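These protein sequence lines are chains A and B, in that order. Each residue of the first sequence is one higher than the one before, starting from 0 at the first, in numbering that gives the first Met the number 0. Each residue of the second sequence is one higher than the one before, starting from 0 at the first, in numbering that gives the first Met the number 0. Ideal Cβ placement from N, Cα and C applies to all residues, glycine included. This one's a predicted model, so the numbers in the text were calculated from it and none came from an experiment.
Number of protein chains: 2
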Amino acid sequence: MTLDATHDAHRQSWVETANAPDTDFPLQNLPFGRFSDATQATPRIGVAIGDQVLDLTRLADALPPSEAATAQVGFQVCATGDLSELCALPPAAVTALRGWLSNALWDGSPDADLWRTRLSPFFVPQAEATLHRPLDFKNYTDFYASVFHATNVGAMFRPENPLLPNYKYVPIGYHGRASSVVASGTPIGRPQGQLRPNPEAPPVFGPSRLLDYELEVGIIVGQGNRLGEPIPVARADEHIFGLCLLNDWSARDIQAWEYQPLGPFLSKSFATSVSPWIVTRDALAPFRCAAFARPEGDPAPLEYLFDAADQSGGGFEVTLEVELTTAVMREAGFPPAQLSQSRLSSLYWTPAQMLAHHTSNGCNLQPGDLLGSGTVSGPTKEARGCLLELTWRGAEPLTLPSGETRRFLEDGDEVTFRGFCHRAGFRRIGFGECRGRIVASR
Amino acid sequence: MTLDATHDAHRQSWVETANAPDTDFPLQNLPFGRFSDATQATPRIGVAIGDQVLDLTRLADALPPSEAATAQVGFQVCATGDLSELCALPPAAVTALRGWLSNALWDGSPDADLWRTRLSPFFVPQAEATLHRPLDFKNYTDFYASVFHATNVGAMFRPENPLLPNYKYVPIGYHGRASSVVASGTPIGRPQGQLRPNPEAPPVFGPSRLLDYELEVGIIVGQGNRLGEPIPVARADEHIFGLCLLNDWSARDIQAWEYQPLGPFLSKSFATSVSPWIVTRDALAPFRCAAFARPEGDPAPLEYLFDAADQSGGGFEVTLEVELTTAVMREAGFPPAQLSQSRLSSLYWTPAQMLAHHTSNGCNLQPGDLLGSGTVSGPTKEARGCLLELTWRGAEPLTLPSGETRRFLEDGDEVTFRGFCHRAGFRRIGFGECRGRIVASR
C-alpha cells in the first residue's frame, strides 16, 4: 500500500481539535463509526475528527453528486447508515472517500473556507453523541494468535508441555457469539453459570467469581468471499477494512468447567465490547511491519499461509494499553491504574494469515465480519493481556494505587483499553477507547 | 400446549395431495419456509401443503385485511418475505396464522369453494420451486445433546473414560458459523485443510480424507431475549418457533488436528445443510414426550435446568433417518441405502434446557437463531448418527448394496436425512428432506 497525501504529517485541519498533538483523531486518521444524537435515535455513519463527528449519512443526503466527485460511491452507501455496506465496497472506493474527506477537512485546501461553511451543519461533538457498536455483526470469530498468551495459559494447566503441538502450524480460532458484541461503555453484567469451586463436589450455579478481560484487537472484514472460494494469503490483506479494540470478557471458572471438548461457550458469550471507531487499513499504512520473527527451530508457515509480502509487511505496529479503575479509586479520585502495555506486532500470525486460514476450507466471510486477534500478550510480565496471566491464575494478586488488591475483576471495576500508532515523521493515530464497567449479577 | 382443530386427523384438505397417507405435508403440518420460482428470484415465504407451496408473501399483499381476520399480524410479516419476522411474533400470532391457514385449506370449511378460488393463484408446485434456506441465519449454535454420541466418540479417544465429567451437568455446546449454513440440495465441496495423517511428521494441507455427516435437528428460535435477561427453563419452550433437519458436515481429520484447545472450527464451517421447511411447535404438539429418563445414579439437572413440565413433556418424538446414495449406486439404479434410524427423544437434554442454558449467562438469543441438537445417536448400532460412529472411526467399514464399502464419504456420495412424527390417532407429520452431495475439492 502506498503512502499518499492523506498520510502527510504536515496537513492540518480547519477542525482545530484535530491538530492537538495528543488527539487520537487527527486528519490523518479519519476512522468510521456509527453514532446517534438527540435529533434521531437511528445510528448514522460518521467519521471522527478531533473531538467532533462528521455526520456522513446526513452529508450524503445533502451533498450534490457533482460535489462528491470521486467519493460518490462511498457517500451513496453512507446514506444507508449501514457500515457493512461500506465494508463491502472495493477498497479503492473506501480510499477515495478517505481522500475526499482529507481534502475537504484540510486547512490548506484551496476551497478550505467553502468546505468549512458547507460542512459545518454536519458536525456533532463526540461528547454529545452516543457512539454505537460500529456494525450489527453477523459473524464473530476469535483467534488465539499470541504465542506468549498461549504459552502462559498452557503453562498454568500443562506446565510440562505449555504449547500444544498444533499451535505453530494452525492459526487457532473458534466461532464467537455475534449477538452479544456490545458498544464500548455498555455495562457488563457479571454472568452466572456453572462453577465447580470444589473439584470433589458437584458443580453449583451462581455468579462467576473469576471474571477477566482479554485485550484484543478486532479485525473488520472488508469485501467477503463466496462459499467454496478461499482467499489466498497474498490477497487477504485487501480484505481487511480496518481495526478496532476488542475486549473478550471471560469468566474463567465457567470456562474451566464447560470447555471440554468443544471449546469456550457461555464463558465468553455474555458480552464482548468493541471500540466505536474502525481505524481503516489506509490510515494504518505507515504503521505496517514485518510478520513475527519466528525463533530458530519453529516451522515455516505452510504454503497456503506463506506470502513474501505478508512476511515483510503484513504486521501492524499498534501499542495497546489496559487501564483499571475500581469503585474505591473512582470515589477517592485516583487516576486509572495502567495494568499492561503490549504490541500488536508480537502476534504469531498476521491478520492476512488469519483470513487465509479462515477461508481455506471454503468458509465464506461477509463484509463487516469481526475477527478477534486473541489476547495480545507480549514476552514480558508487563505485556500480559489479561488478569489470568498478570496474576498467574490469582496466585500473584496485583496491588493497586488505592491499596486494594485484585486477582480477578470485582463489581464496579472499569476496564479501559487504548491503542495508538506512533512513528517518527507521522502523526500519531489513535483508536479511541474500549471501556466497560462490571455490574453485579441480577 | 393444547391440541385443537388444526391437529384433527379427520380434517382433509381440498389440496388433494395433502391427503395422501404418506405425504410429509398434510393439512395438520403447515410448515413455513422460503422459496422462489421463475417469476421472481427474491425468496418469498411459503407454507408447504401436499406437493404444493402456498405463497404467503404474495397472498399477504393481495388479501384484504378484513379477510385475514385473526391472522392479520402474521400476514403482515409474511409480506416482508423475512421469516425471522415471523419468528419474532408472539407465539399466539403464529398459532393464529396456522389456524387461519388450516381453516382456509380445509375441505370441510363452509367457505371451502370460495377459498379454493381465492387461493388458487397463489400455489406453486414444489417441483417447480427453488427451496431456499428458511432464514439468513445470524447466529448458529451447535449442541452435543446425545449422550450416546458423546459416549461413542469419547470411547474412541479415551476408552477408559468415555464421558467427560461435565457432560451430565452441562448441555455442552459451541458457536457455529452462520454464514455457511446452506439450503438442502446445495453441493458440498470437500474442504481442504491441515491434516496430520502421520503423527510423527508435520501436518500437510490438502483435501479432507475423513469427511462425515452428522444427523441433527435444528431448533429455530422464536422470540428472543434481551442481553442480560436469561430465559427461565419453565418459559423456554415458548421461545421455540419450530424444528428442521440439519446436517453438520464434519471433516474428522481437520477436526482432530485443529480442535485443541478451543474446539471445532474449520472442520465444520465449510457447510451446514438445513431442510427447507420449519415444522412449527404447534404442529408438533401431539408428539411431545417426556425428557430423557436419566439412569439411576445420574445427577438431577441443576435447578436452572429443571422444570417439572419440561421433564414430563419437553421432549419431541421424531424419528430420523439417514440414506446414502453413491455415484455407482445412482448409475446402476440402486435405491438409496438406509444407514441409520434414531429418535430425537433419546437426547439427554430437552430443547428448553438448551435454550435456558444458552441464556443463563445473559446471552441474547435473536428471533430465527439456529440451534443444532448435536448428532442424534441412540443406544443401538443402527441408531448411530454419523459415519465416525457407524464405522467406528473407519475400523468397521460399511458394505453397501452395490458391493462398495465406506469408511467416510467419497466424492459423488449423496446423503439424505428424513424425519417424521407418527402417533396413533394423528396424521403423520413429515420434515421433508435435508440433502447434500459431495463434490471434489477444487
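Which residues in the same chain have their Cβ closer than 7 Å to the Cβ of residue i, if we skip the five residues on either side of it in sequence?
i             : result
residue 439/B : 189 and 410
residue 424/B : 8
residue 57/B  : 43 and 121
residue 205/B : 191 and 194
residue 174/A : 140
residue 443/B : This structure gives no information on residue 443/B, because the portion of chain B shown stretches from 0 to 441.
Per DSSP, residue i is paired with what?
i             : result
residue 127/A : In the DSSP output, where bridge partners are listed per residue, residue 127/A has none listed.
residue 377/A : In DSSP, residue 377/A forms no bridge with anything.
residue 438/A : 188/A
residue 43/A  : 34/A
residue 271/A : 180/A
residue 257/B : None, per the DSSP bridge assignment.
residue 218/B : 242/B and 370/B
residue 250/B : 210/B
residue 141/A : 173/A and 371/A
residue 105/B : 12/B
residue 414/B : 323/B and 435/B
residue 194/B : 203/B
residue 336/B : 323/B
residue 341/A : 319/A
residue 51/A  : 48/A and 124/A
Please list, in chain order, all residues of the same chain as residue i whose beta carbon is under 6 Å from its beta carbon, the five residues on each side excluded.
i             : result
residue 413/A : 324 and 436
residue 236/B : 351
residue 59/B  : 74, 77 and 78
residue 155/A : 392
residue 415/B : 322, 432 and 434
residue 114/A : 103
residue 399/A : 336
residue 442/B : The question about residue 442/B has no answer, for chain B in this structure spans 0 to 441.
residue 125/B : 50 and 52
Below 9 Å on C-beta distance, what does residue i contact in chain B?
i             : result
residue 171/A : 257, 259, 260, 261 and 264
residue 175/A : 174
residue 269/A : 226, 227, 360, 361 and 362
residue 168/A : 193, 195, 201, 202 and 256
Taking C-alpha atoms, which residue in the options lies nearest to residue i?
i             : options                       : result
residue 101/B : 48/B, 286/B and 145/B         : 48/B
residue 203/B : 213/B, 214/B, 210/B and 191/B : 191/B
residue 385/B : 41/B, 87/B, 211/B and 153/B   : 211/B
residue 40/A  : 131/A, 70/A and 303/A         : 131/A
residue 108/A : 415/A, 151/A, 14/A and 160/A  : 14/A
residue 20/A  : 434/A, 346/A and 421/A        : 421/A
residue 117/B : 128/B, 103/B, 123/B and 126/B : 103/B
residue 36/B  : 26/B, 54/B, 50/B and 30/B     : 54/B
residue 140/A : 177/A, 150/A, 328/A and 317/A : 177/A
residue 383/B : 110/B, 148/B and 183/B        : 148/B
residue 129/B : 51/B, 146/B and 298/B         : 51/B
residue 371/B : 243/B, 305/B, 164/B and 395/B : 243/B
residue 304/A : 286/A, 376/A and 169/A        : 169/A
residue 291/B : 66/B, 282/B, 310/B and 375/B  : 310/B
residue 349/A : 1/A, 28/A and 145/A           : 145/A
Check the C-beta distance from residue i over to residue j and give it rounded, since I have them as a contact under 8 Å.
i             : j             : result
residue 494/A : residue 249/A : What is shown of chain A runs 0 to 441, which leaves residue 494/A out entirely.
residue 246/B : residue 295/B : Contact flag wrong, Cβ pair sits at about 35 Å.
residue 318/A : residue 287/A : No, residue 318/A and residue 287/A are not in contact; Cβ-Cβ is about 15 Å, not under 8 Å.
residue 85/B  : residue 93/B  : 7 Å
residue 271/B : residue 241/B : Actually they do not touch by this definition, with Cβ atoms about 18 Å apart.
residue 345/B : residue 377/B : 5 Å
Find the residues of chain B that neighbour residue i, judging by a C-beta separation of less than 7 Å, and give them in chain order.
i             : result
residue 191/A : 359 and 360
residue 163/A : 259 and 260
residue 188/A : 227 and 361
Chain A partners of residue i, CB-CB under 9 Å?
i             : result
residue 178/B : 137, 138, 223, 226, 362, 363, 364, 365 and 368
residue 231/B : Near residue 231/B there are no residues of chain A at all, since even the closest Cβ is about 12 Å away, more than 9 Å.
Taking C-beta pairs closer than 8 Å, name the residues in chain A that residue i reaches, listed in chain order.
i             : result
residue 204/B : 301, 302, 303 and 359
residue 238/B : Residues of chain A passing the Cβ test: none, with the nearest at roughly 14 Å.
residue 298/B : 201
For residue i, return the contacting residues in chain A, with the cut-off set at a CB-CB distance below 7 Å.
i             : result
residue 421/B : The contacting residues do not exist; residue 421/B stays about 33 Å from chain A at best.
residue 516/B : Lying outside 0 to 441, the shown extent of chain B, residue 516/B is not represented and no answer is given.
Excluding the 5 residues preceding and the 5 following residue i in the sequence, name in chain order all residues of the same chain whose CB lies nearer than 8 Å to its CB.
i            : result
residue 95/B : 69, 70, 72 and 73
Under 8 Å Cβ-Cβ, which residues of chain B neighbour residue i?
i             : result
residue 253/A : 360
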